[in-house]
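Enquirer:
Residue numbers (my numbering), protein chains in the order written: chain A, 1 to 208; chain B, 209 to 416.
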C-alpha cells in the first residue's frame, strides 16, 4: 500500500474504494509523526552541544525505526481486516440459516477490524512517548518538528479511536466489547494528556 | 516531493535533511484529511438515500480536489522556502558589512518561510469547512472517516502554527510580525473550535 507514491495514496484514499480509509490514514499519520521525531534525533546526534544525550538519542532512533516499520505494516493490516468485513456485509440473509451464518461471519470479521485500529492507537501512544524524549533532549533548532510529530500522533490516536468505536457498535460479545472499550479509553486518556503536554512544552520553548 | 513513494517520503522526513520537515508533513496531513472527506463524498453519491444532497456533494468534491492540489503544492513550496533560509543562516558574519547583508537576507527569507506555513494553516481551515459538510451530508456508513479527516486537519493546523511561530521569533519587522501573529491566531481559534465540533458530532453519531 505504501509502495504507492504519495499522490497515488492520496488519490486512493479519496476514491470510492473503502480501503485505504480512516484506519490506514491514521497509521500513516503515526509513521509521519514518528519520522519527524527521528529527524529531530538525526539533527541532534554528532553535535558537541548534545554529546551527553547522544546515546539516548541513538536508542530512541532504534525504537522509532521499529515503530515506523510496525505502523507502516498496520496500513496494510487495516486494509486486509476490512476485506472479510466487507464480504460479511454482502452475504445473503434470506433464510434463517443464512442469517445465522452471516451474523457469525460478521462478528468474527468485526473482531479483527477492531483489533487493528486498537493496535494503531497503541502505536500512537508509543510514538508520543518517543516524541516526548525527542522534544526534551533534541536540538532546540528543530524543536517545532517534534511538536508537529506530537499533534500528528494525537490525531492518529483520535482517528483510530473512531474506527474502533464504529466496529464495536455492531459487536455482540459484550465481554469482549467492554474489554476493548476500556482498552481504547485507557490509551486515549494517557495519549491525549501526553500529546497536549508535549505540544504545550514545545510552544513554550519556541516562544520563550 | 510527493512523487516519492510513501515509504520514501517517510524516510526523507526521518533523515537529517531538514526538508521535508514539519511544514511539509503538515501540508501532507491536510491532503490526507481532505482526501478522506472525498472518500465519504464518493461513497455517498449515486445512492438513492442521499439523492437530495448529490449536487452539494459533487460541489464539495470539486472544491476538495482544488484544495488537495493546493496543499500538495505547499509540500514543495515549504521545502523551497526553507532553502534560502538555510543559505542565509550559513552566510559569513565576520565584517560589519557581512553582518548587515546576512541579517537582510535572513529577514527576507524568513518572510517566505512564515507565509508558506501560514498558507498551510489557511488550507487546514478550508479543509475543515469542507469536512464539516461531508460529515453532515455524507453516508452514515463512513462517517468515522470524516471524523478522521477532521482530526488530521486539526493537527496539521497546530503543526503549521509551530512552523509560523518558530520563524516569527526571529522576524524584526514588528508591524509584519504582529499582522502574521494575529492571522495565525485567528485561523487557529476558528479551526480548533470547528475541528472539535466535527469530531464530537461524528463520535455522537457513531455512538448513538
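C-beta atoms are modelled at their ideal positions from N, C-alpha and C, and glycine is treated no differently.
How is the alpha helix (DSSP H) around residue 56 of chain A delimited, first residue to last?
Expert: Unbroken alpha helix (DSSP H) run through residue 56 of chain A: 54-89.
Enquirer: Please report the distance separating the alpha-carbon of residue 372 of chain B from that of residue 91 of chain A.
Expert: Cα-Cα distance, rounded: 52 Å.
Enquirer: Closer than 7 Å by beta-carbon distance: list the chain B residues that pair up with residue 136 of chain A, in chain order.
Expert: Going along chain B, no residue has its Cβ under 7 Å from residue 136 of chain A, so there is no contact; the nearest lies around 16 Å.
Enquirer: Near residue 22 of chain A, which residues of its chain fall below 6 Å by C-beta distance, leaving aside the five closest residues on each side in sequence?
Expert: Correct list, in chain order: 159, 163.
Enquirer: Does residue 67 of chain A come within less than 8 Å of chain B when only Cβ atoms are used?
Expert: It does not: the Cβ of residue 67 of chain A has no partner Cβ on chain B nearer than 8 Å.
Enquirer: Within 8 Å of any Cβ in chain A, is that where the Cβ of residue 290 of chain B sits?
Expert: Output row for residue 290 of chain B: interface = no.
Enquirer: Return the first residue and the last residue of the alpha helix (DSSP H) that residue 325 of chain B is part of.
Expert: Counting along the chain, the alpha helix (DSSP H) containing residue 325 of chain B begins and ends at 304-345.
Enquirer: In the DSSP assignment, what are the bridge partners of residue 213 of chain B?
Expert: A:5.
Enquirer: Is the shortest distance between the beta-carbon of residue 215 of chain B and the beta-carbons of chain A less than 8 Å?
Expert: So, interface residue.
Enquirer: In whole angstroms, what separates the C-alpha of residue 173 of chain A from that of residue 112 of chain A?
Expert: Roughly 13 Å between the two C-alpha positions.
Enquirer: What did DSSP end up calling residue 384 of chain B once you bin it into helix, strand or coil?
Expert: Looking at residue 384 of chain B - three-state DSSP - the assignment turns out to be helix.
Enquirer: For residue 92 of chain A, return the contacting residues in chain B, with the cut-off set at a CB-CB distance below 7 Å.
Expert: In chain order: nothing, as chain B lies at least about 19 Å away.
Enquirer: Closer than 8 Å, CB to CB, is residue 263 of chain B near chain E or not?
Expert: Absent from the structure: chain E. Protein chains present are A and B.
Enquirer: If we call anything under 8 Å between Cβ atoms a contact, is residue 248 of chain B one with residue 335 of chain B?
Expert: Contact: no.
Enquirer: Give a yes or no on whether 8 Å exceeds the smallest Cβ distance from residue 366 of chain B to chain A.
Expert: Yes, its Cβ sits closer than 8 Å to a Cβ of chain A.
Enquirer: Given 7 Å as the limit, tell me if residue 145 of chain A has its C-beta closer than that to any heavy atom belonging to the ligand ATP.
Expert: Among the ligands in the structure shown, none appear at all, so the ligand ATP cannot be discussed.
Enquirer: Do residue 135 of chain A and residue 121 of chain A have their C-beta atoms within less than 8 Å of each other?
Expert: No, the Cβ-Cβ distance between residue 135 of chain A and residue 121 of chain A is not below 8 Å.
Enquirer: With DSSP as the reference, label residue 208 of chain A as helix, strand or coil.
Expert: Residue 208 of chain A falls in the coil class under three-state DSSP.
Enquirer: Can you tell me the Cβ-Cβ gap for residue 221 of chain B and residue 32 of chain A, rounded? I've got them flagged as a contact below 8 Å.
Expert: Yes, residue 221 of chain B and residue 32 of chain A are in contact; Cβ-Cβ is about 6 Å, under 8 Å.
Enquirer: Can you tell me whether residue 266 of chain B is buried or exposed? The criterion is at least 16 other CB atoms within 10 Å of its CB, across all chains shown.
Expert: Exposed.
Enquirer: Applying a beta-carbon distance threshold of less than 7 Å, which residues of chain A neighbour residue 246 of chain B?
Expert: Those within 7 Å of residue 246 of chain B in chain A are 14.
Enquirer: For the segment 309-325 of chain B and the segment 279-296 of chain B, state whether three or more C-beta atom pairs, one from each stretch, are separated by less than 8 Å.
Expert: Flag = yes, the segment 309-325 of chain B and the segment 279-296 of chain B touch.
Enquirer: Starting from the Cα of residue 144 of chain A, find the closest Cα among A:6, A:102, A:11, A:36 and give me that residue.
Expert: It is A:36 whose Cα lies nearest to the Cα of residue 144 of chain A.
Enquirer: List, in order along the chain, the chain A residues whose C-beta lies closer than 7 Å to that of residue 210 of chain B?
Expert: The contacting residues are 5, 6, 7.
Enquirer: So, at 7 Å on beta carbons, what are the nonlocal neighbours of residue 199 of chain A in its own chain, with the 5 sequence-adjacent residues on each side left out?
Expert: Cβ neighbours of residue 199 of chain A beyond the five flanking positions: 147, 150, 151.
Enquirer: Can you tell me whether residue 341 of chain B is buried or exposed, with buried defined as 16 or more other CB within 10 angstroms of its CB?
Expert: Buried, since its Cβ has 16 or more Cβ neighbours within 10 Å.
Enquirer: With distance defined between alpha-carbon atoms, name the residue in B:223, B:322, B:255 nearest to residue 65 of chain A.
Expert: It is B:223 whose Cα lies nearest to the Cα of residue 65 of chain A.
Enquirer: Please state if the CB of residue 286 of chain B and the CB of residue 235 of chain B are separated by a distance shorter than 8 Å.
Expert: Yes, the pair counts as a contact, with Cβ atoms nearer than the cut-off.
Enquirer: State buried or exposed for residue 211 of chain B, treating a residue as buried only when at least 16 other CB atoms are found within 10 Å of its CB.
Expert: When all chains shown are included, residue 211 of chain B counts as exposed.
Enquirer: Under 8 Å between C-beta atoms, does residue 111 of chain A make it to chain B?
Expert: For residue 111 of chain A, the answer is no, since every Cβ of chain B falls outside 8 Å of its Cβ.
Enquirer: Determine the DSSP secondary structure at residue 19 of chain A, reduced to helix, strand or coil.
Expert: The answer is coil: DSSP assigns residue 19 of chain A none of H, G, I, E or B.
Enquirer: Work out the CA separation of residue 95 of chain A and residue 70 of chain A for me, nearest whole Å.
Expert: Their Cα atoms are separated by approximately 42 Å.
Enquirer: Under the assumption that residue 29 of chain A contacts residue 259 of chain B (Cβ atoms under 8 Å), give the Cβ distance between them as a whole number of angstroms.
Expert: Between residue 259 of chain B and residue 29 of chain A the Cβ distance is about 34 Å, and since that is not below 8 Å, they are no contact.
Enquirer: By DSSP, does residue 159 of chain A sit in helix, in strand, or in coil?
Expert: Of the three classes helix, strand and coil, the one that applies to residue 159 of chain A here is helix, per DSSP.
Enquirer: Is it right to say residue 155 of chain A is buried, meaning 16 or more other beta carbons lie within 10 angstroms of its own, or is it exposed?
Expert: Residue 155 of chain A is buried by the Cβ-count criterion.
Enquirer: Please go through the segment 226-258 of chain B and give each complete alpha helix (DSSP H) segment of 4 or more residues, from N-terminal end onward.
Expert: As far as the segment 226-258 of chain B is concerned, its whole alpha helix (DSSP H) runs of at least 4 residues are 230-250.
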